[in-house]
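Down below is the structure, laid out as structure tokens.
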Amino acid sequence: MERVPILKIGGVLLVSIQIDLQDQSVLALQEDLAEKISSTGAHGVVIDISAVEIVDSFIGRMFATIASISRLFDADTVVVGMRPAVAITLVELGLTLGGVRTALDLERGMKILGQLGRGRES
Amino acid sequence: MTADAQRAQNLTDLLRADADTLIGTWVDTVAALLRGRSTKKELEGDFKELFAALLPLVGNDGKSIAGPEFADLRALLEEYSRGRVRAGFTPSETASSVFALKRVVFDLTENSDDPLMFRQLMAFSGLLDALGLLTFESYAQAREEIIREQSEQLLELTTPVVKVWEGVLAVPLVGTLDSARTQVVMEKLLEALVETGSEHAIIDITGVFAVDTQVAQHLLKTVVAARLMGAECIVSGIRPQIAQTIVALGIEFGDIVTKASLADALRHALRKEGVDVVRRETV
């Protein structure tokens, strides 16, 4: 089973999904991420899915689950780089990812997290 | 008597011998029928080719015109019929020009009371009937092609995605929205969002005169899909009647921003982008 690497940049964890996701890897990712947020005390999580071309409802739910997990550690989640076909599929599946923030690309995602982080400090 | 009988016995020979006169009369008859909308020269060119292709097939009675020996004639006739469609002739006029040959040949063989000749004439008449029907068919086919081409062009023409500002796209929708078109709009818009990296999109429906639940559903899906990708959509230009329909149908736009006009939507998008539009102070 392939594992998705989790990188730490400052107070942000970056998850870049470059592989075809299997259900097992999704579950492993959720575990790893929970572990990592708790150990690093990160305030934000960015999930980059610009390389993901196919999604199913299980993967769709993963975003919401990860967002809920991060929220428990007081971290914000941003999903970035979703492709049009993926977005259409998720809408057709009825998954609107309520509570998950989205951005067009990684740069904008980091900016959103930066703004949220500043709001947290003040 | 014998020479005459033999000559009359074979319709093909008769037609070949009198080819020029026949074509001449044929052209005259059809030209009168079309009332000058086609020149005699054009008709003569077309009919000469047709006649030449038709001649070797006259004796072939009882064979279906779908057969391989009719391929050349079929191609010629289809080409002729296609040309007629583009020139705006009715299918009856096209078929009549084929049927006109029948009368011309009947006139030629009027004096013959040979039963064999009569049989050959019947076969010839059947052949022309089949060819006439073929022109009808290719006429309908050509029409269908034109319609299909046009509807494709229409689809491309009416769904432009334009960039109105750095980071702001606009899609002015015009005409009747159906599921197929809304689908195209949806895909084009989302692609354009990624390409240009725009965070705002304005869907302007000023030119849309009717919205039903399905279309509204598609619009909402587009907005939600754009949101999933990290972009915001603004719907503008809802007509008063459409607003009433939307409320009557119970369609919820939820937290989607809607504005009365494209200008309002643009101002809203610019403000979100952090751009202020200020009037220059006049001295």
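Note that the protein sequences, when read in sequence, are chains A and B. Take the first sequence: its position 91, counting from 1, is numbered 167 in our numbering, and each next residue is one higher. Take the second sequence: its position 136, counting from 1, is numbered 495 in our numbering, and each next residue is one higher. Even glycine gets a Cβ: it sits at the ideal position worked out from N, Cα and C. Fair warning: this is a prediction, and the values are worked out from it, not measured in the lab.
I'd like to know whether the C-beta of Thr116/A is nearer than 9 Å to at least one C-beta of chain B. For Thr116/A, no CB of chain B lies under 9 Å from its own CB, so it is not counted at the interface with that chain.
Could you name the residues of chain A that Gly589/B contacts, counting a contact when the two beta carbons are closer than 9 Å? One finds Val154, Val155, Val156, Gly157, Met158, Arg177, Thr178, Ala179, Leu180, Asp181, Arg184, Gly185 and Ile188 in chain A with Cβ atoms closer than 9 Å to the Cβ of Gly589/B, taken in chain order.
State buried or exposed for Met77/A, treating a residue as buried only when at least 16 other CB atoms are found within 10 Å of its CB. Classification for Met77/A: exposed.
Taking the runs of the beta strand (DSSP E) that are 3 residues or longer, which of them lie wholly in the stretch 491–524 of chain B? Entirely contained in the stretch 491–524 of chain B, the beta strand (DSSP E) runs reaching 3 residues are, in chain order, 521–524.
Which same chain residues end up closer than 7 Å to Val457/B when comparing Cβ atoms and leaving out the 5 residues on each side of it in sequence? The answer, listed in chain order, is Leu487, Leu490, Gly491 and Thr494.
Roughly how many angstroms lie between the CA atoms of Pro531/B and Val154/A, to the nearest whole one? About 30 Å.
To be precise: take each residue of the stretch 526–555 of chain B, compare its Cβ to all Cβ atoms of chain A, and keep it if any distance is under 8 Å. Which residues remain? Flagged, chain order: Met545, Glu546, Leu549, Glu550, Leu552 and Val553.
Closer than 8 Å is the cut-off here; do at least three beta carbon pairs connect the stretch 138–155 of chain A with the stretch 548–555 of chain B? The stretch 138–155 of chain A is not in contact with the stretch 548–555 of chain B.
So the candidates are Val583/B, Ser595/B and Trp524/B; which of them puts its Cα closest to the Cα of Val533/B? Distance from the Cα of Val533/B is smallest, within the candidate group Val583/B, Ser595/B and Trp524/B, for Ser595/B.
Nonlocal neighbours in the same chain, by C-beta distance under 7 Å from Lys618/B, ignoring five residues either side: Excluding residues within five positions, the ones whose Cβ falls inside 7 Å are Ile593, Ser595, Ala624 and His627.
What does Ile26/A touch in chain B if you count any residue whose Cβ is under 7 Å from its own? In the structure as shown, chain A starts at 77 and stops at 198, and residue 26/A therefore has no counterpart that could be examined.
Can you tell me whether Asp124/A is helix, strand or coil according to DSSP? If DSSP states are grouped into helix, strand and coil, Asp124/A belongs with the strands.
Among the candidates Ala378/B, Glu515/B, Leu416/B and Ala569/B, whose CA atom is the shortest distance from the CA of Lys407/B? Checked all of Ala378/B, Glu515/B, Leu416/B and Ala569/B; the closest Cα to Lys407/B is Ala378/B.
Can we say the stretch 376–395 of chain B touches the stretch 159–173 of chain A, given the rule of at least three CB pairs closer than 8 Å? Short answer: they don't touch.
Counting along the chain, where does the beta strand (DSSP E) carrying Glu183/A start and finish? Segment Leu182 to Glu197 is the alpha helix (DSSP H) holding Glu183/A; no beta strand (DSSP E) there.
In the structure shown, what three-state DSSP assignment does Gly566/B receive? The answer is strand: DSSP assigns Gly566/B an E or B state.
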